[in-house]
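Single-structure report; data block below.
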Amino acid sequence: MTADAAQIFMSQLAGRDEAAIDEKGRVMLRQKFRDRLGTYFVLAQSEMGCLVAYPVETWAEEVKAIRGAPVHNAGRKLLNRMLVGSAETEMRFDPQGRILIPKQMREFANLQSRVVAVGCDDRLEIWAKEELAKCEADPLNYGAERREIWGHAYRLLEGSV
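The sequence shown: position 48 = 725 (this note's numbering), numbered continuously.
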């Protein structure tokens with residue numbers, strides 16, 4: 678295995694895990710996910726309607742891409758509001774390996790009793806089990822309006838609109 682391949686393998690967030698969310702909004706994630714997210718990580722809303730946990734390095738890349746556009750760029754403004762404005766930085770696991778998901782984020786993602794954590798390479802999606810099932814049943818249409826708004830913001834950011 679090459680050094681690059683080993684680095685990807687050891688840092689990649691991959692696989693799925695189902696967990697309960699307790700009455701206080703806490704979710705326990707498996708050790709592999711906790712290790713790969715790091716001591717501190719960022720939790721934000723996504724265009725898909727789920728939550729996304731970003732390792733600090735990945736979050737920094739996201740923010741750097743947004744900051745790369747001029748300050749008055751409409752896409753930058755939208756993404757700062759939708760992505761950065763929804764984010765909780767300095768998230769960390771408690772000693773039992775749980776994260777406390779803020780109430781407004783639980784409401785956004787419809788997290789109630791069962792969640793599914795889905796490793797997506799450099800980030801971790803956190804879905805309400807029922808919402809992930811809906812998305813997987815009709816992935817091209819699930820959340821189409823919301824995804825179009827985010828897509829438009831990215832196109833504005835890149836100057837392709």
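Virtual Cβ for every residue (Gly too), placed ideally from N, Cα, C.
Cβ shell of residue i (< 6 Å), same chain only, five flanking positions each side left out
i    : result
D799 : T735
L788 : I698 and A805
G796 : L690, A691 and G692
Contact belief for residue i with residue j at Cβ below 8 Å, rounded distance in angstroms
i    : j    : result
P779 : E802 : Not really, about 17 Å apart at Cβ, beyond 8 Å.
R769 : V704 : Contact flag wrong, Cβ pair sits at about 13 Å.
L756 : A830 : 5 Å
Residue i in three-state terms, based on DSSP
i    : result
C797 : strand
F770 : coil
R775 : strand
D712 : helix
V838 : coil
A730 : strand
Opposing strand residues paired with residue i [DSSP bridges]
i    : result
A742 : According to DSSP, which records beta bridges pairwise, A742 is partnered with nothing at all.
R692 : Looking at the sequence provided, one finds Gly at residue 692 rather than Arg. DSSP output for G692 lists G796 as bridge partner(s).
Distance CB(residue i)-CB(residue j) smaller than 7 Å
i    : j    : result
M782 : L706 : no
G702 : L760 : no
G820 : G726 : yes
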